[in-house]
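Position 48 (the sequence shown) corresponds to 48 in this note's numbering; numbering is contiguous.
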Amino acid sequence: MPKRTLKVLKKLVEAEHRITAKELKEKNSQLLQQVSVWEIHHLKNDLSFDHRAPQHKPILTEKQKQKCPILKEISKVGQ
């Protein structure tokens, strides 16, 4: 694949991380005429852009908070 095509794909993916391979092909139909959607999908993955947000995970679980005497005192003061 030509460098120009890769550059265009990279700019589009950087601008919109959630864009799908099919949408990329539709937006650049002339440029990506000979390229399959599957190949675009792999190229997008190679650019290392994940669209998933990290899941929020508390530092301590509720069970750990209950076991810790210092945290019990702090929670009493805050109430």
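By construction, the Cβ of each residue, glycine as well, lies at the ideal position given by its N, Cα and C atoms.
Computed from a prediction, not measured in an experiment: that's the story for all the values here.
Starting from Glu16 and walking both ways along the alpha helix (DSSP H), at which residues does that stretch end? Numbered from 1 along the sequence shown, position 16 holds the residue referred to as residue 16. Per DSSP, Glu16 belongs to no alpha helix (DSSP H) and is neither H nor E.
Please work out which residues of its chain come closer than 8 Å, Cβ to Cβ, to Leu6, disregarding the five sequence neighbours upstream and downstream, and give them in chain order. Residue numbering aside, residue 6 sits at position 6 when the sequence shown is read from its first letter. Once the five neighbours on either side are set aside, the close Cβ partners of Leu6 are Leu43.
Look at the alpha carbon of Pro2 and the alpha carbon of Asp46, and state the distance between them as a whole number of angstroms. Sequence index remark: in the sequence shown, residue 2 carries index 2 (1-based). Sequence index remark: in the sequence shown, residue 46 carries index 46 (1-based). Going from the Cα of Pro2 to the Cα of Asp46 covers about 15 Å.
C-beta neighbour in chain C for Ala21, strict 7 Å: Among the protein chains of the structure shown there is no chain C, as only one such chain exists.
Looking at C-alpha atoms only, which residue of Gln64, Leu9 and Leu71 is the closest neighbour of Val37? As a working note, residue 37 is residue 37 in the sequence shown. Nearest of Gln64, Leu9 and Leu71 to Val37, Cα basis: Leu9.
Grouping DSSP H, G and I as helix and E and B as strand, with all else coil, what is Gln66? Counting from one through the sequence shown, the residue named residue 66 turns up at place 66. Three-state result, Gln66: helix.
Straight-line CA distance for His41 to Lys63? Looking up residue 41 in the sequence shown gives position 41. Looking up residue 63 in the sequence shown gives position 63. Cα to Cα, the separation comes out at about 43 Å.
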